[in-house]
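Chains A and B are the protein sequences, given in the same order. Note that full-length UniProt numbering has the first sequence beginning at 1, numbered continuously upward. Note that full-length UniProt numbering has the second sequence beginning at 1, numbered continuously upward. We put the CB at the ideal spot given by N, CA and C, even for glycine. To start, the structure under review is shown below, and the notes come after it.
Number of protein chains: 2
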Amino acid sequence: MTATPDARPRGTRLPRLARRRQLLGAAQEVFVAQGYHAAAMDEIAERAGVSKPVLYQHFPGKLELYLALLDEHAEALVNTVRDALGSTTDNKLRVQASMQAFYDFVAGEGEAYRLVFESDLRNVAPVRARVERANTQCAEMIAQVIAEDTNAPADEAHLLGMGLVGMAEVSARYWLSQHRAIPKDTAEKIIARLAWRGISGFPRTG
Amino acid sequence: MTATPDARPRGTRLPRLARRRQLLGAAQEVFVAQGYHAAAMDEIAERAGVSKPVLYQHFPGKLELYLALLDEHAEALVNTVRDALGSTTDNKLRVQASMQAFYDFVAGEGEAYRLVFESDLRNVAPVRARVERANTQCAEMIAQVIAEDTNAPADEAHLLGMGLVGMAEVSARYWLSQHRAIPKDTAEKIIARLAWRGISGFPRTG
DNA sequence: CAGCGAGGTTACTGGCGCGTAGGATGATGG
DNA sequence: CCATCATCCTACGCGCCAGTAACCTCGCTG
Numbered sequence: 001m002t003a004t005p006d007a008r009p010r011g012t013r014l015p016r017l018a019r020r021r022q023l024l025g026a027a028q029e030v031f032v033a034q035g036y037h038a039a040a041m042d043e044i045a046e047r048a049g050v051s052k053p054v055l056y057q058h059f060p061g062k063l064e065l066y067l068a069l070l071d072e073h074a075e076a077l078v079n080t081v082r083d084a085l086g087s088t089t090d091n092k093l094r095v096q097a098s099m100q101a102f103y104d105f106v107a108g109e110g111e112a113y114r115l116v117f118e119s120d121l122r123n124v125a126p127v128r129a130r131v132e133r134a135n136t137q138c139a140e141m142i143a144q145v146i147a148e149d150t151n152a153p154a155d156e157a158h159l160l161g162m163g164l165v166g167m168a169e170v171s172a173r174y175w176l177s178q179h180r181a182i183p184k185d186t187a188e189k190i191i192a193r194l195a196w197r198g199i200s201g202f203p204r205t206g
Numbered sequence: 001m002t003a004t005p006d007a008r009p010r011g012t013r014l015p016r017l018a019r020r021r022q023l024l025g026a027a028q029e030v031f032v033a034q035g036y037h038a039a040a041m042d043e044i045a046e047r048a049g050v051s052k053p054v055l056y057q058h059f060p061g062k063l064e065l066y067l068a069l070l071d072e073h074a075e076a077l078v079n080t081v082r083d084a085l086g087s088t089t090d091n092k093l094r095v096q097a098s099m100q101a102f103y104d105f106v107a108g109e110g111e112a113y114r115l116v117f118e119s120d121l122r123n124v125a126p127v128r129a130r131v132e133r134a135n136t137q138c139a140e141m142i143a144q145v146i147a148e149d150t151n152a153p154a155d156e157a158h159l160l161g162m163g164l165v166g167m168a169e170v171s172a173r174y175w176l177s178q179h180r181a182i183p184k185d186t187a188e189k190i191i192a193r194l195a196w197r198g199i200s201g202f203p204r205t206g
């Protein structure tokens with residue numbers, strides 16, 4: 001039971017924008033560690049070495065603070081996947097790069113992936129919308145490639161895309177939960193192979 | 001906006017066990033619809049046509065009530081997958097049956113799958129343990145088959161198992177979110193084909 | 001060096017919701 | 001017809017926490 005990684009030196013004054021960034025950082029730590037519900041605004045403020053009203057001078061409420069972080073990381077995921085798909089036109093390499101994108105995202109600093117993949121609060125509409133949108137966008141980008149290179153109808157391509165997204169997401173979270181027992185690039189390759197064998201030359205055969 | 005499916009006739013007396021079952025039913029409706037946090041014990045009681053203390057005569061607290069439901073459905077999932085894997089020794093059919101197991105689970109009465117796949121409250125240890133255990137057991141049973149029929153090492157087989165679980169789970173949830181735009185058996189076959197092509201004859205080639 | 005504004009603080013309120021104390025009421029056996 | 005027990009009710013206590021009111025202080029500017 002080591003003492004909590006103590007709050008920053010209380011009493012330093014910061015310009016508005018720097019303070020905002022710092023608050024977002026503190027909020028991320030707390031939201032990731034505790035989830036939305038168990039996270040107290042008091043604790044976020046304390047971790048930033050500041051009192052609660054300061055938080056409310058930067059964000060209208062707890063939900064908006066959370067949404068700011070969620071938006072940030074949901075967008076990061078989508079961008080990573082987009083970049084992966086755009087990095088080559090060789091579909092086999094595309095699959096490899098896409099899987100790596102998910103593993104990179106999950107391995108990212110501060111376990112921020114939890115905000116997107118393990119949010120409590122999906123029952124609240126704006127949160128649900130954002131989480132689903134991130135997933136859908138990823139699946140859709142993949143479906144796009146599938147639809148272009150096979151004769152699969154759009155519905156089917158979407159379903160396949162979502163299947164691949166699920167494979168990547170869940171396996172990556174599992175890999176991390178095992179504290180990287182398998183080297184990252186090995187895990188990526190195993191899953192990429194599973195995905196590529198599954199998807200390649202999809203139109204013909206059964 | 002139709003009126004809520006109103007509470008049962010207030011005032012009927014029930015023997016202990018019947019009441020317990022009814023309370024579990026009411027609780028499931030509310031937890032599924034609202035999630036753990038937004039669900040109020042008052043509302044669960046009201047939906048059962050009963051007052052709150054009755055709830056506390058059957059369950060020591062809100063968490064235990066929730067866990068009772070979670071256990072029930074987590075076990076149901078694991079059993080469905082186990083049966084699917086045991087239903088044949090033809091691996092291709094096994095994959096087909098396993099995918100169907102997930103789609104069946106998700107399509108089950110009352111959207112109970114949400115308790116397992118979309119629980120808010122994963123930040124609470126006993127809940128997290130149960131959800132992870134269900135996932136792990138499914139993945140492990142699949143990994144077992146993979147390890148037996150290929151030369152893949154255990155680590156790798158587990159990762160592959162979890163990849164397939166993720167594929168099934170996420171694609172099934174997506175399929176349902178589209179309100180069954182694709183016929184169930186069609187979706188199952190598409191995903192089963194993706195899985196089977198991915199996993200079959202895994203040892204050799206890349 | 002006065003005064004003003006950005007940045008920060010303490011201390012409170014108001015509501016919500018879990019859990020409980022204490023009492024009523026219907027069935028069942030003597 | 002009376003006692004007894006299980007079942008169920010009304011009504012409240014109490015802690016927690018998001019959000020707010022009112023006040024402070026540093027440092028810059030004229």
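Any C-beta of chain A sitting closer than 8 angstroms to the C-beta of residue i?
{"i": "residue 216 (chain B)", "result": "Given that chain B is displayed from residue 1 to residue 206, the structure contains no residue 216 (chain B) and the question cannot be resolved."}
{"i": "ARG94 (chain B)", "result": "no"}
{"i": "LEU14 (chain B)", "result": "no"}
Roughly how many angstroms separate the alpha carbons of residue i and residue j, rounded to a whole number?
{"i": "ARG193 (chain A)", "j": "LEU115 (chain B)", "result": "32 angstroms"}
{"i": "LYS62 (chain A)", "j": "MET41 (chain A)", "result": "7 angstroms"}
{"i": "HIS73 (chain A)", "j": "GLN28 (chain A)", "result": "10 angstroms"}
{"i": "GLN137 (chain A)", "j": "LEU67 (chain A)", "result": "18 angstroms"}
{"i": "VAL50 (chain B)", "j": "ALA84 (chain A)", "result": "56 angstroms"}
{"i": "SER98 (chain B)", "j": "GLU148 (chain B)", "result": "17 angstroms"}
{"i": "ASP90 (chain B)", "j": "GLY198 (chain B)", "result": "16 angstroms"}
{"i": "GLU169 (chain B)", "j": "GLN178 (chain A)", "result": "20 angstroms"}
{"i": "PHE117 (chain B)", "j": "VAL131 (chain B)", "result": "8 angstroms"}
{"i": "GLY161 (chain A)", "j": "ILE146 (chain A)", "result": "8 angstroms"}
{"i": "ALA187 (chain B)", "j": "ARG133 (chain B)", "result": "26 angstroms"}
{"i": "MET167 (chain A)", "j": "TYR113 (chain A)", "result": "16 angstroms"}
{"i": "ASN196 (chain A)", "j": "GLN96 (chain A)", "result": "For the sequence presented, residue 196 (chain A) should be read as Trp rather than Asn. One C-alpha to the other measures close to 8 angstroms."}
{"i": "ASP120 (chain A)", "j": "ALA48 (chain A)", "result": "23 angstroms"}
{"i": "GLU109 (chain A)", "j": "ARG21 (chain B)", "result": "46 angstroms"}
{"i": "HIS37 (chain B)", "j": "ALA125 (chain A)", "result": "14 angstroms"}
{"i": "ASP71 (chain B)", "j": "SER200 (chain B)", "result": "33 angstroms"}
{"i": "GLY86 (chain B)", "j": "LEU164 (chain B)", "result": "17 angstroms"}
{"i": "ASN135 (chain A)", "j": "GLN34 (chain A)", "result": "23 angstroms"}
{"i": "LYS52 (chain A)", "j": "LEU65 (chain A)", "result": "13 angstroms"}
{"i": "PRO183 (chain B)", "j": "VAL30 (chain A)", "result": "43 angstroms"}
{"i": "ASN123 (chain B)", "j": "LEU69 (chain B)", "result": "17 angstroms"}
{"i": "ALA152 (chain B)", "j": "ARG16 (chain A)", "result": "55 angstroms"}
{"i": "GLU111 (chain B)", "j": "ARG94 (chain A)", "result": "35 angstroms"}
Tell me, please, whether the CB atom of residue i is closer than 8 angstroms to any CB atom in chain B?
{"i": "VAL133 (chain A)", "result": "According to the sequence as given, residue 133 (chain A) is Arg; it is not Val. It does not: the Cβ of ARG133 (chain A) has no partner Cβ on chain B nearer than 8 angstroms."}
{"i": "ILE182 (chain A)", "result": "yes"}
{"i": "ASN123 (chain A)", "result": "yes"}
{"i": "MET162 (chain A)", "result": "yes"}
If I'm right that residue i touches residue j with Cβ under 8 angstroms, what's the distance once you round it to whole angstroms?
{"i": "ALA18 (chain B)", "j": "ILE44 (chain B)", "result": "So it is not a contact: roughly 17 angstroms between Cβ atoms."}
{"i": "LEU23 (chain B)", "j": "HIS58 (chain B)", "result": "6 angstroms"}
{"i": "HIS158 (chain A)", "j": "ALA139 (chain A)", "result": "6 angstroms"}
{"i": "THR150 (chain A)", "j": "PHE102 (chain A)", "result": "Incorrect: roughly 22 angstroms between the Cβ atoms, too far for contact."}
{"i": "SER171 (chain A)", "j": "ILE142 (chain A)", "result": "Actually they do not touch by this definition, with Cβ atoms about 15 angstroms apart."}
{"i": "ARG173 (chain B)", "j": "VAL106 (chain B)", "result": "6 angstroms"}
{"i": "ALA181 (chain B)", "j": "ASP104 (chain A)", "result": "Not quite, the Cβ-Cβ distance comes to about 32 angstroms (not below 8 angstroms), so this is no contact."}
(request) Give, in chain order, every unbroken run of the alpha helix (DSSP H) that is at least 4 residues long and sits entirely within the region 30 to 106 of chain B. (result) 41 to 47, 52 to 58, 62 to 86
(message) Which residues of the UniProt domain "HTH tetR-type" (17 to 77) of chain A have a Cβ closer than 7 angstroms to any Cβ of chain B? Give them in chain order.
(response) Listed by position along the chain: GLN34, GLY35, HIS37, ALA38.
(request) For the region 149 to 160 of chain A, enumerate the residues whose C-beta is nearer than 9 angstroms to any C-beta of chain B, in chain order. (result) Cβ contacts with chain B: ALA152, ASP155, GLU156, HIS158, LEU159, LEU160.
(message) Short of 7 angstroms Cβ to Cβ, which residues in the region 99 to 130 of chain B face chain A?
(response) GLU118, ASP120, LEU121, ARG122, ASN123
(message) Any C-beta of chain A within less than 7 angstroms: which residues of the region 183 to 203 of chain B qualify?
(response) ALA187, ILE190, ILE191, ARG193, LEU194, ALA195, ARG197, GLY198, ILE199
(request) Give the residues from the region 168 to 179 of chain A that approach chain B closer than 7 angstroms (Cβ to any Cβ), ordered along the chain. (result) GLU169, VAL170, SER171, TYR174, TRP175
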